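Enquirer:
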Amino acid sequence: MQVFEKAPAKINLTLDVLSKRPDGYHEVEMIMTTVDLADRLGFTELDEDKIEIISDSKYVPNDKRNLAYRAAALFKKTYQIKKGIRITIDKYIPVSAGLAGGSSDAAATLRALNQLWSLNIPASELADIGVQIGSDVAFCVYNSTAVVRGRGEIITELSAPPACWVVLAKPSIGVSTPTVFQDLNLADIKHPNTELMISSIEADDYQLMTQHLGNVLEQVTFAHHQEVAQIKDRLKNSGADAVLMSGSGPTVYGLTRHQSRAKRMYNSLRGFCQEVFIVRMLGYDKT
Ligand code: ATP
Numbered sequence: 010m011q012v013f014e015k016a017p018a019k020i021n022l023t024l025d026v027l028s029k030r031p032d033g034y035h036e037v038e039m040i041m042t043t044v045d046l047a048d049r050l051g052f053t054e055l056d057e058d059k060i061e062i063i064s065d066s067k068y069v070p071n072d073k074r075n076l077a078y079r080a081a082a083l084f085k086k087t088y089q090i091k092k093g094i095r096i097t098i099d100k101y102i103p104v105s106a107g108l109a110g111g112s113s114d115a116a117a118t119l120r121a122l123n124q125l126w127s128l129n130i131p132a133s134e135l136a137d138i139g140v141q142i143g144s145d146v147a148f149c150v151y152n153s154t155a156v157v158r159g160r161g162e163i164i165t166e167l168s169a170p171p172a173c174w175v176v177l178a179k180p181s182i183g184v185s186t187p188t189v190f191q192d193l194n195l196a197d198i199k200h201p202n203t204e205l206m207i208s209s210i211e212a213d214d215y216q217l218m219t220q221h222l223g224n225v226l227e228q229v230t231f232a233h234h235q236e237v238a239q240i241k242d243r244l245k246n247s248g249a250d251a252v253l254m255s256g257s258g259p260t261v262y263g264l265t266r267h268q269s270r271a272k273r274m275y276n277s278l279r280g281f282c283q284e285v286f287i288v289r290m291l292g293y294d295k296t
């Protein structure tokens, strides 16, 4: 028995940090959506009780450090499944990019095993398992557009954002998410207007959406890596209606409604960045 699952990348339309909690986690409020750039995962049932990961990416571990492995292990333990699973991962999402590639692979694993073993577990329960693996996994279980609060576990789904093109540019540097959060000065941040972003999505108002992109982690990452700020400027100057860093970076994206302009943005970034993609905004699962 075999099933296949797509694991799309996510971008932040907003990312706000409200407070630091006594348990050490940050209280976040962010709007996330998916774009049409996805890893492809295949799942084959094994008679022997083991988990195998097969991936051709040199950046992704093929053992229990892989987030898809951790998702499978937790799923099997939670529902007491004694069968094994072979997971093949074709990586298309850049790794450590702020695009939640690993979280999306973990979420795809939870959805696929639910299907493979015909358990009919609701998405909300899969999301509860997901949160134990990583803070973006719960969102990725839904594959839609949502306001994400708490430390990633409180999900309020929204409609799909206005249709547009997204040009993603990932410089070849690594950004440490814990360091970025550590260096964030909560007293000195300009909060995005989450409510207006929600309104723009609900009203399908592209203009309004482009006016309210915001990510409080940008300034911290820019301070450490000037090239990320430079890429943002370059994208803006090449015709994007709005530009933002996703997650803790280093990927920056620009929005446009015109495919010809998306190509111009792509061409302007290609010489600067190792990885550049033109994709559609998705916002809901099209698989
Ligand atoms: P986020 O936006 O959720 O912070 P990210 O895009 O910055 O995520 P990922 O690509 O998810 O980062 O990878 C982060 C780390 O997780 C890397 O060190 C990578 O080796 C590890 N990892 C484990 N499993 C996977 C996987 N299936 N795909 C990608 N990375 C994985």
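Taking this note's numbering, the leading residue of the sequence shown gets 10, the next gets one more, and so forth. Built from N, CA and C at the ideal position, the CB exists for glycine as well. Since this is a predicted model, take the numbers as computed values, not measurements.
#1: For Ile142, I'd like the list of residues in its chain whose CB is within less than 8 angstroms of its CB, leaving aside the five on either flank, ordered along the chain.
#2: Can you find at least 3 beta carbon pairs, one from the segment 67-76 and one from the segment 120-133, that sit closer than 8 angstroms?
#3: Look up Thr203 in the DSSP assignment and say whether it is helix, strand or coil.
#4: Give me the residue from Asp32, His221, Val225 and Val156 with the minimum Cα distance to Asp6.
#5: For Val285 versus Leu278, is the C-beta distance shorter than 7 angstroms?
#6: Hey, Gly161 and Thr260: beta-carbon distance below 7 angstroms or not?
#7: From what residue to what residue does the beta strand (DSSP E) around Tyr88 run?
#8: What's the C-alpha gap between Thr42 and Gln11?
#9: Exposed or buried, which one is Arg243 when buried takes at least 16 other CB atoms within 10 Å?
#10: Please report the distance separating the alpha-carbon of Asp58 from that of Ala16.
#11: Using a 10 Å radius around the Cβ and a threshold of 16 neighbouring Cβ atoms, would you call Thr296 buried or exposed?
#12: Applying the 10 Å Cβ sphere with the 16-neighbour rule, what's the burial state of Asp197?
#13: From Met274 to Leu253, what does the alpha carbon distance come to, in whole angstroms?
#14: Inspect the CB distances between the segment 20-31 and the segment 202-211 and report whether three or more fall short of 8 angstroms.
#15: Have a look at Thr186 and Val229 and give me their C-alpha separation to the nearest angstrom.
#16: I'd like the list of long-range same chain contacts for Leu46, defined as Cβ closer than 8 angstroms, with 5 residues on each side in sequence excluded.
#17: Ends of the alpha helix (DSSP H) at Val189?
#18: Using the beta-carbon count (16 or more within 10 Å), is Ser181 buried or exposed?
#19: Note down the Cα distance separating Leu125 from Lys92, rounded to an integer number of angstroms.
#20: Would you kindly work out how many angstroms separate the C-alpha atoms of Ile138 and His35, rounded to a whole number?
#21: Unbroken beta strand (DSSP E) runs of length 3 or more, entirely within the segment 85-158: which are they?
#22: Ignore the nearest five residues each way along the sequence and tell me which others in Gly258's own chain have a CB closer than 6 angstroms to its CB.
#23: Skipping 5 residues on each side, what residues in its chain have a beta carbon closer than 7 angstroms to that of Ala271?
#24: Which whole-angstrom value is the C-beta distance of Tyr151 and Ile164, which I expect to be below 8 angstroms?
#25: Please confirm whether any heavy atom of ligand 1 lies closer than 6 angstroms to the CB of Leu76.
#26: Measure the Cβ-Cβ separation of Ile94 and Phe52 and say whether it is below 7 angstroms.
#27: Only counting runs of 3 or more residues, tell me where the beta strand (DSSP E) segments fall wholly within the segment 205-259, in order along the chain.
#28: Tell me where the beta strand (DSSP E) around Lys29 begins and ends.
Expert: Quick look at the numbers:
#1: Leu76, Arg79, Ala80, Leu83, Ser112 and Ala115
#2: The segment 67-76 makes no contact with the segment 120-133, as fewer than three CB pairs between them are under 8 angstroms.
#3: Under the three-state reduction of DSSP output, Thr203 falls in the helix class.
#4: Because the chain in this structure spans residues 10 to 296, residue 6 falls outside the shown range and cannot be described.
#5: yes
#6: Taking C-beta atoms as the reference points, Gly161 and Thr260 fail to come closer than 7 angstroms.
#7: Not the beta strand (DSSP E): Tyr88 falls in the alpha helix (DSSP H), residues Leu76 to Tyr88.
#8: 28 angstroms
#9: buried
#10: Going by the C-alpha atoms only, they are around 25 angstroms apart.
#11: Because Thr296 carries a pLDDT of 45, less than 50, the predicted location of this residue cannot be relied on, and the following value inherits that uncertainty. Label assigned to Thr296: exposed.
#12: By the neighbour-count rule (16 or more Cβ atoms within 10 Å), Asp197 is not buried but exposed.
#13: 14 angstroms
#14: yes
#15: Straight-line Cα distance between these residues: approximately 11 angstroms.
#16: Pro17, Ala18, Tyr101, Ile102, Leu108, Leu177, Phe286 and Val288
#17: Thr186 to Asp192
#18: exposed
#19: As the crow flies, the alpha-carbon of Leu125 is around 11 angstroms from that of Lys92.
#20: 20 angstroms
#21: Whole beta strand (DSSP E) segments, 3+ residues: 93-99.
#22: Gly107, Val184, Thr230 and Val237
#23: These residues qualify, in order along the chain: Trp174, Val176, Thr265 and Ile287.
#24: 6 angstroms
#25: yes
#26: yes
#27: 251-254
#28: Gln11 to Lys29
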